[in-house]
Each structure stands twice: as structure tokens, then as C-alpha cells.
Amino acid sequence: MSTTLIKNARIASSNDNHEFVQLDATDILVVNGKIQAIGNDLVCETAVRVDAHEQWCLPGFIDCHTHLVYGGNRAQEFSLRLKGVSYETISKQGGGIKSTVRATRALNEATLLSQTLRRAKRLAEEGVTTVEIKSGYGLDKDTELRMLDVALKVGELTNLNIQRTFLGAHALPPDSEVSAEEYIDFVCQTMIPYVAEHQLADAVDVFCEKVGFNLAQTERVFMAAKQSNLKVKGHVEQLSDSKGAALAAKYNALSVDHIEYLAEEDIPLLADSGTVAVLLPGAFYYLKETQLPPIDALRKYNVPIAISTDMNPGTSPIASLLTCANMACVLFGLTTAEALTGITAHAALALGLKNKGQIKTGYDADMCLWDIESPESLVYEINGYRPTAKWIGGKRVL
Ligand code: NIG
Ligand code: FE
């Protein structure tokens with residue numbers, strides 16, 4: 001692979017203190033996909049030389065929670081919700097996740113892939129270099145595996161780094177008599193061991209909620225994941241304080257996601273387990289939620305905060321990570337620096353990726369150049385900018 005030397009950049013990244021700062025250097029040397037050196041006046045005769053002309057160089061953005069693979073759309077449900085029908089009511093009436101499951105099951109792999117690629121490209125256009133993609137709209141073996149395969153192919157066809165998460169415990173399968181306990185048996189005894197054995201996912205997720213699975217069922221899924229050596233994460237405390245975050249911490253979860261109803265007393269547990277708090281302001285916005293996540297308490301206990309799109313057809317049809325970073329500032333009160341760390345270094349932690357999310361020696365060379373006044377412009381202006389150059393694993397892709 002070629003060697004690249006980027007000259008004359010204004011480089012900004014989170015540092016090891018989790019602060020998003022401008023680095024005291026202008027040049028980056030990339031060798032074999034990794035950042036080999038960061039400094040001033042770097043020289044390398046054999047490298048492809050790129051003059052950044054003082055543009056900003058930032059780490060590639062990481063969207064650490066998406067449901068990018070799905071069929072159909074939920075525009076009708078959106079209209080119903082605008083008339084005041086709640087997400088829970090729609091879900092109880094067989095709509096919501098279940099309607100997307102039916103639509104997803106009906107699509108063959110090629111169609112599912114082409115629809116997913118359209119959304120992946122939207123994310124990528126805005127400087128995203130890594131995307132986590134969940135299953136969870138199949139809820140039967142064939143469709144769950146098809147979703148995970150589509151996610152893999154998105155990576156092959158776009159250059160994006162893809163992390164896959166098995167979310168079999170997203171909802172009870174529609175049009176089936178199976179009880180929640182029986183379905184969790186299937187997830188734990190059949191699906192998780194299969195997914196682990198064939199290396200089809202990097203982590204396991206559960207929707208722990210009144211309209212999802214209860215705490216005991218969630219724990220069974222976490223135990224099965226642990227037995228299969230898979231990391232866990234959870235959709236928790238989105239609509240109520242169900243104590244999913246505390247349970248996730250007990251299983252050293254990579255992340256707890258949504259967390260509007262997270263109780264302050266559970267936050268030290270997250271700090272102790274090194275679990276990342278993932279904010280999903282798109283879902284908060286679409287559901288017109290009013291309960292704010294406990295940002296000050298997360299700060300107090302130094303829990304890393306990440307931000308993601310939660311891109312999905314029901315609660316967050318929004319393929320723009322920078323818009324979600326803006327929402328995290330406007331709706332949740334994050335600073336622009338926290339938001340930038342939230343879509344880079346902390347998002348990498350939420351996926352257990354140790355070599356991504358920062359511009360740092362030894363890290364993967366995933367980065368973009370931006371023609372902007374300052375990095376905060378990216379969070380300040382909605383749909384304002386596109387990167388002018390992009391590298392993923394050291395390969396120039398824009
Ligand atoms: O992250 N909360 C559960 N899962 C998704 C919603 C999925 C859907 O409504 O289709 C979420 O918000
Ligand atoms: Fe989600």
C-alpha cells in the first residue's frame with residue numbers, strides 16, 4: 001500500500017484526556033494504513049505528497065449505532081404520530097418495528113443491499129468512515145443472517161469500515177405464536193452461538209424496554225453473548241427507567257444507548273465498567289421526547305459520551321451524523337468539542353475499536369480534510385460541508 005504525506009494541515013482530534021483540540025503539528029505520515037508520524041517539517045521522498053493548504057484534518061467520523069439495513073419505510077406511522085398516536089401504541093397495534101420486519105423479510109438480498117447502500121453513501125458523504133450496523137429487522141434465522149450479510153457487503157462495496165451487531169432481541173417476531181421466553185431461547189441457544197461461530201457479528205444488542213424485552217430476558221441474552229465471547233451493548237432507558245444500563249454495566253457492555261431515563265445512581269456503575277453512554281438525539285427528536293439524558297451526571301462521573309444517528313425507519317430516519325451532533329448540542333446541551341469527541345474517539349470506544357477515532361501515531365489512518373473556518377463549524381451548521389479529501393485505512397477514497 002502507498003505511503004502518504006499530508007502537509008500543511010490544521011489537525012484537530014481528541015487527545016488522551018478526551019478533549020477535542022488542535023494539535024501542535026501540521027504534517028501526517030501514513031504508512032501501510034496507519035498513522036506513522038505526526039509532526040512539523042516531515043519529509044518522505046517516496047510518499048505521495050498532499051498539500052492540505054491549511055485545511056483542517058479531522059479523524060473520520062464513526063456512526064456507532066445504526067439500523068441501516070431494512071426494507072420499506074414508516075412514513076404512514078410518522079403521520080399517525082403527528083396526529084398524537086404514541087410509539088408504544090403503534091407498536092402494540094402491530095406496527096412499529098414489526099412492520100419493518102415484514103417489509104425486510106419480503107426483500108431479497110440484492111434489493112436490501114441496494115437500499116442500504118443509498119443510506120450508507122449519505123453517511124459517508126459527510127465524512128463518516130466507520131459505521132456500526134445492527135440486525136434486528138428479521139427476527140428469524142434467514143432474515144437476520146441476510147441482514148448481517150448485507151452489512152458485510154456494504155463494507156466491501158463502499159470502503160467504509162463496518163462493525164456488525166446482532167440484535168435478534170429487538171422485538172417479538174410478528175405473525176407468530178412464539179412467547180417471549182421461547183423467542184429468547186431461540187436467540188440464546190440457536191442464533192448467538194451460530195453468529196459467534198461464523199463470526200457474523202462483533203457484538204450483541206438487546207432492546208430492554210416495556211415494548212421490548214424485560215430485564216431477566218435481557219440478562220439471558222447478555223449471558224449467552226458472554227458464553228460465546230461476544231461483547232454486549234443495549235438499547236436501554238429510552239422510554240422508561242428499566243434498569244437495563246446497570247445490568248449492561250454488570251456485563252461490561254461496550255455501550256448503553258438512548259439513556260434518556262437513566263438514573264443518576266446507575267451512572268457510577270457505567271464509569272466502573274468502562275461503558276460508553278451513546279446519545280441518540282435523532283430518536284429523541286422524532287419521538288418528541290421531553291425527558292433529557294442526564295448529561296451533567298455523565299460528565300461528573302467521566303462516562304465517555306458518544307453520539308450516533310440510530311438511523312432507522314421508525315424513530316430516527318436521519319442519515320446524517322453531523323446533524324445528530326448538532327442536535328446533541330442544541331437539544332441535550334453538549335459543547336461542540338464534546339460533540340466532536342462524541343462522533344470520533346468516544347464512538348470508537350463504544351465499538352471497542354482501540355485504533356480508531358483519533359489522529360494519533362499508530363492509529364488507523366481514517367481521516368478527512370475540511371475546508372472550514374474551525375471544526376466547530378461542522379456542528380454549528382446543518383448540512384453545511386462535505387470533506388474535500390478522505391482516507392480510510394490509509395487508502396484515498398475521495
Ligand atoms: O433505536 N429502540 C429500539 N430500536 C430502534 C427503533 C427501531 C424502530 O422503531 O424501528 C431505536 O430507536
Ligand atoms: Fe437503535
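Residue numbers for the sequence shown follow the numbering used here, beginning at 1 and rising by one.
For each residue, glycine too, the CB sits at the ideal point set by N, CA and C.
Asked: Span separating the alpha-carbon of residue 53 from that of residue 9; Found: 7 Å
Asked: Segments assigned beta strand (DSSP E), at least 3 residues, entirely inside the region 318–378; Found: 367–370
Asked: Heavy atom of the ligand FE within 7 Å of residue 51 beta-carbon; Found: no
Asked: Local conformation of residue 140 per DSSP, three classes; Found: coil
Asked: Beta-carbon proximity of residue 364 to residue 393, cut-off 8 Å; Found: yes
Asked: Reduced DSSP secondary structure (H/G/I, E/B, other) of residue 64; Found: coil
Asked: Contact with chain B by residue 324, beta-carbon distance below 8 Å; Found: Here chain B cannot be found, since the structure has a single protein chain.
Asked: Where residue 387 falls: helix, strand or coil (DSSP); Found: coil
Asked: Separation of residue 184 from residue 316, as counted between CA atoms; Found: 26 Å
Asked: Any non-hydrogen atom of the ligand FE closer than 7 Å to residue 310 Cβ; Found: yes
Asked: Proximity of residue 314 and residue 88 at Cβ, strictly below 8 Å; Found: no
Asked: C-alpha gap between residue 332 and residue 83, whole angstroms; Found: 25 Å
Asked: Cβ shell of residue 208 (< 7 Å), same chain only, five flanking positions each side left out; Found: 215, 218, 234, 235, 236, 242 and 244
Asked: Residue 130 burial status per 10 Å Cβ neighbour count (16 or more: buried); Found: buried
Asked: Residue 132 - containing alpha helix (DSSP H), residue span; Found: First-last for residue 132: 128–134, but that is the beta strand (DSSP E), not the alpha helix (DSSP H).
Asked: Burial state of residue 14 (16 or more Cβ within 10 Å); Found: buried
Asked: heavy atom of the ligand NIG below 7 Å from residue 76 C-beta; Found: no
Asked: Chain-order list of residues whose beta-carbon lies under 8 Å from that of residue 33 (same chain, five-residue window excluded); Found: 1, 364, 365, 393, 394 and 395
Asked: Under the three-state DSSP convention, the category residue 14 falls into; Found: strand
Asked: Ordered list of beta strand (DSSP E) runs contained in the region 251–275, each at least 3 residues; Found: 255–258
Asked: Reference residue 94; option with closest CA among 319, 62, 19 and 172; Found: 172
Asked: 6 Å Cβ shell around residue 211 - same chain, five flanking residues per side excluded; Found: 88 and 91
Asked: Contact the region 244–253 vs the region 47–64: 3+ CB pairs below 8 Å; Found: no
Asked: contact_flag[the region 159–176, the region 130–142] where n(CB pairs < 8 Å) is 3 or more; Found: yes
Asked: Beta carbon of residue 400 nearer than 8 Å to that of residue 345; Found: As displayed, the chain neither begins before 1 nor continues past 398, which places residue 400 out of reach and without an answer.
Asked: Same chain, Cβ closer than 6 Å to residue 273, five either side skipped, listed in chain order; Found: 249 and 252
Asked: Per-residue DSSP class, three states only, for residue 55; Found: coil
Asked: heavy atom of the ligand NIG below 7 Å from residue 173 C-beta; Found: no
Asked: The ligand NIG heavy atom lying under 7 Å from the CB of residue 307; Found: no
Asked: Coil, strand or helix - residue 74 by DSSP; Found: coil
Asked: Own chain residues within Cβ distance below 7 Å of residue 180, not counting five before or after; Found: 172, 213 and 217
Asked: Rounded C-alpha distance that separates residue 200 from residue 148; Found: 7 Å
Asked: Which residues DSSP lists as bridging residue 395, in chain order; Found: 392
Asked: Option in 69, 26, 20 and 303 with minimal Cα separation from residue 268; Found: 303
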